[in-house]
Amino acid sequence: MSDIIVKTNGLCADFKIKDRMVRAVNRVSLSLERGKTLVILGESGSGKSTYMKALLRILPKTAAVEGQAEFLGNDLFRMSEKEFRDIRGNRMAMIYQDSLSALDPMYKVGYQIVETIRAHSSLTKAEARERVEELFVKVGIPSPRERMNAYPHEMSGGMRQRAVIAMALCCNPCLLLADEPTTALDVTIQKQILNLFLELQESDRMSIMMVTHDIGVAAQVADQIAIMYGGIILECGATRQVLETPANPYTKALIAALPKSGNRERLVAIEGQPPTIVHMPPGCPFSNRCTYATEACRQSVPELKPIDEHHMTACHMNLVTSGGK
Numbered sequence: 001m002s003d004i005i006v007k008t009n010g011l012c013a014d015f016k017i018k019d020r021m022v023r024a025v026n027r028v029s030l031s032l033e034r035g036k037t038l039v040i041l042g043e044s045g046s047g048k049s050t051y052m053k054a055l056l057r058i059l060p061k062t063a064a065v066e067g068q069a070e071f072l073g074n075d076l077f078r079m080s081e082k083e084f085r086d087i088r089g090n091r092m093a094m095i096y097q098d099s100l101s102a103l104d105p106m107y108k109v110g111y112q113i114v115e116t117i118r119a120h121s122s123l124t125k126a127e128a129r130e131r132v133e134e135l136f137v138k139v140g141i142p143s144p145r146e147r148m149n150a151y152p153h154e155m156s157g158g159m160r161q162r163a164v165i166a167m168a169l170c171c172n173p174c175l176l177l178a179d180e181p182t183t184a185l186d187v188t189i190q191k192q193i194l195n196l197f198l199e200l201q202e203s204d205r206m207s208i209m210m211v212t213h214d215i216g217v218a219a220q221v222a223d224q225i226a227i228m229y230g231g232i233i234l235e236c237g238a239t240r241q242v243l244e245t246p247a248n249p250y251t252k253a254l255i256a257a258l259p260k261s262g263n264r265e266r267l268v269a270i271e272g273q274p275p276t277i278v279h280m281p282p283g284c285p286f287s288n289r290c291t292y293a294t295e296a297c298r299q300s301v302p303e304l305k306p307i308d309e310h311h312m313t314a315c316h317m318n319l320v321t322s323g324g325k
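Heads up, the sequence shown is in full-length UniProt numbering, so the first residue is 1 and it goes up one at a time.
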């Protein structure tokens, strides 16, 4: 039996803007094994959240999605909406970036999670409430009965995010999708939430797919990292290999831009601006900012090719094999 929980092959997502279709996600092929964490790392507008929403089939109706996506061996894009509802929020759950907007301000937090449980199970209301109490304890929410009766605005940002995580876990998903889950939190709470993810992964053997722009977050939780830019995957592989021996100029530039402890020199910035989906260059999306760019880079989009068994890059010039500095 395959240990792959979810995989995509050539996934594309297009949007209609001013009477023409523009591509936000371009032929993305990724896979995630059971009990592992894949972090998709990239700047705002890179397409990482769009990719995740395409998996959940929650993009606007004006979006056109192509390619293949499988979850536990089932074709996600061939399922009826009724069939997919049995998966979304049940076997596959998502944690959104803004916990306040993820919860309905008009209802108590406990009620919202109870209703989610009852929508996907045969539990009674009393049994569902017991389940919520257990989940609140599991995610580190003190005084669970009291917090169940709180409205979203009555909870701190950290507690709200824990409640959203509890909601995502309420039906024992085997895949957890997390969209920038720690962005709005201070550093201390961020570390607590990331540690919680690691504990849940270990205790439940749950697979996690997370998107973030923070290399530090990726380094802390990821088994694998996929670097996304301009709608394509520029590099992916085992976390240590990607961060210690980057094979793509964009990955190398991202790492070089990180502040160094004790270094008072000016931070290294990546020159230029990332392209928008309506002004995407014909070749590699990073070619207009890349110091290694050649004419081939400006003319054709590079394909993702293996460097070794656990490392791939999409670049006309492999920095590992070429010795690029």
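From the three backbone atoms N, C-alpha and C, an ideal C-beta is built for every residue, glycine too.
Treat the numbers as computed from the prediction; the structure is a model and nothing was measured.
Ser44 sits exposed, since fewer than 16 C-beta atoms from the chains shown fall within 10 Å of its C-beta. Nearest Cα to Met317 within the set Met159, Asn248 and Gly73: Asn248.
Between Met209 and Leu200, the beta carbon gap of about 14 Å keeps them out of contact (Cβ cut-off 8 Å). Take Lys53, set aside five residues on each side of it, and the residues of its chain with a beta-carbon closer than 6 Å to its own are Leu59, in chain order. Close CB contacts of Val114 within its chain, under the 7 Å cut and outside five residues either way in sequence, are with Lys125, Ala128, Arg129 and Val132 (chain order). Taking C-beta atoms under 8 Å as the contact rule, Pro152 and Arg145 fail to qualify, at a distance of about 17 Å.
According to the DSSP assignment, Val22 belongs to the beta strand (DSSP E) that extends over Arg20 to Glu33.
In the three-state reduction of the DSSP assignment, Phe286 falls in the coil class. Boundaries cannot be given for Thr183, as no beta strand (DSSP E) includes it and DSSP labels it neither H nor E.
The beta carbon of Val65 lies closer than 6 Å to those of Ala13 and Ala54 in the same chain, with the five residues before and after it left out. DSSP links Ile117 through a beta bridge to no other residue.
Short of 7 Å from the beta carbon of Pro105, and not among the five residues preceding or following it, lie these beta carbons of its own chain, in chain order: Tyr151, Pro152 and His153. Here DSSP, grouped into helix, strand and coil, assigns Arg91 to coil. Distance from Gln224 to Ala238 at the Cβ level is roughly 6 Å; contact confirmed, criterion being Cβ atoms closer than 8 Å. For Val132, the enclosing alpha helix (DSSP H) starts and ends at Lys125 to Lys138. In this structure, Gly110 sits away from Gly67, with a CB-CB distance that is not shorter than 9 Å. DSSP places Lys53 within a helical segment (H, G or I) once states are collapsed to three. In the DSSP annotation of this structure, the continuous segment of the beta strand (DSSP E) that includes Met210 starts and ends at Ser207 to Thr212.
For Cys12, the enclosing beta strand (DSSP E) begins and ends at Ile4 to Ile17. Look at Asn195 here: in three-state DSSP terms it is helix.
In the DSSP annotation of this structure, the continuous segment of the beta strand (DSSP E) that includes Ala69 starts and ends at Ala64 to Phe71.
Counting along the chain, Pro306 sits inside the beta strand (DSSP E) bounded by residues Lys305 to Asp308. Look at the beta carbons and you see the segment 284-296 not touching the segment 72-83: under three pairs across the two are nearer than 8 Å. Counting of Cβ neighbours within 10 angstroms places Arg20 among the exposed residues, the total staying below 16.
For the 9 Å CB-CB criterion, Gly42 and Val28 do not form a contact. Beta-bridge partners assigned by DSSP to Asp75: Glu70. For the 9 Å CB-CB criterion, Ile189 and Gly158 form a contact. Collapsing the DSSP output to three states places Val278 in a helix. Put simply, of Tyr107, Leu194, Asn288 and Ile307 the residue whose alpha carbon is nearest the alpha carbon of Thr276 is Asn288. Taking the CA atoms as reference points, Thr212 sits about 25 Å from Asp3. Scanning its chain for C-beta atoms nearer than 8 Å, with the 5 sequence neighbours on each side dropped, one finds around Lys108 the residues Met148, Asn149, Ala150 and Tyr151, in chain order.
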